[in-house]
Amino acid sequence: MPTREIGTSNEELVPENFNRKSFIVQNQDSSNNLFIKEESPDEGTNVSSTDHDIRLGPGDTLFISTEEEGVTSVTARYTVVASAASTRVSFKEFEDEAPVKTFQR
Numbered sequence: 045m046p047t048r049e050i051g052t053s054n055e056e057l058v059p060e061n062f063n064r065k066s067f068i069v070q071n072q073d074s075s076n077n078l079f080i081k082e083e084s085p086d087e088g089t090n091v092s093s094t095d096h097d098i099r100l101g102p103g104d105t106l107f108i109s110t111e112e113e114g115v116t117s118v119t120a121r122y123t124v125v126a127s128a129a130s131t132r133v134s135f136k137e138f139e140d141e142a143p144v145k146t147f148q149r
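When you number the sequence shown by our numbering, it's gap-free, plus one each residue, and the end is 149.
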């Protein structure tokens, strides 16, 4: 999976994509958390350690698919922030059939 570094400022994790069927995000850091929030037009894009939808601890993996979360959640834009600078995250999205679920939320 492609990887990149996430910092302590809000940034886009995944853009809105109406063709996406599922995606996987993995926190590859051994000590830092990632905080992820599904963007809402009414609430803006702020995400923090106290205002987030999902916390990914060190080494944790997130799998979101249309079968479990619905189309709206899977196709939405997500914003992320890390608990420390230079936290490595990997990500892959799927526009065809969702892969066999091997990761837990």
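Virtual Cβ for every residue (Gly too), placed ideally from N, Cα, C.
Quick caveat: nothing in here was measured; it's all calculated off a predicted structure.
Helix, strand or coil for valine 133, going by three-state DSSP, please let me know. Indexing the sequence shown from 1 puts residue 133 at position 89. Residue state for valine 133 is assigned as strand, using DSSP reduced to three classes.
What residues in its chain sit with their C-beta under 8 angstroms from that of serine 117, if we drop five residues either side in the sequence? To locate residue 117, count along the sequence shown from 1; it is residue 73. Within the same chain, Cβ atoms closer than 8 angstroms to the Cβ of serine 117 are found at Glu82 and Ile108, the five residues on either side in sequence being excluded.
For threonine 116, which three-state DSSP category applies? By 1-based counting over the sequence shown, the position of residue 116 is 72. Of the three classes helix, strand and coil, the one that applies to threonine 116 here is helix, per DSSP.
How big is the Cα-Cα spacing for glycine 51 and glutamate 111? Mapped onto the sequence shown, residue 51 falls at position 7. Mapped onto the sequence shown, residue 111 falls at position 67. When rounded, the distance between both Cα atoms is 31 angstroms.
Should phenylalanine 138 and serine 53 be called a contact, given that it needs their Cβ atoms to be closer than 8 angstroms? One-based indexing of the sequence shown puts residue 138 at position 94. One-based indexing of the sequence shown puts residue 53 at position 9. Going by C-beta atoms, phenylalanine 138 is not nearer than 8 angstroms to serine 53.
Consult DSSP for glutamate 111 and reduce its assignment to one of helix, strand or coil. Residue numbering aside, residue 111 sits at position 67 when the sequence shown is read from its first letter. It is helical.
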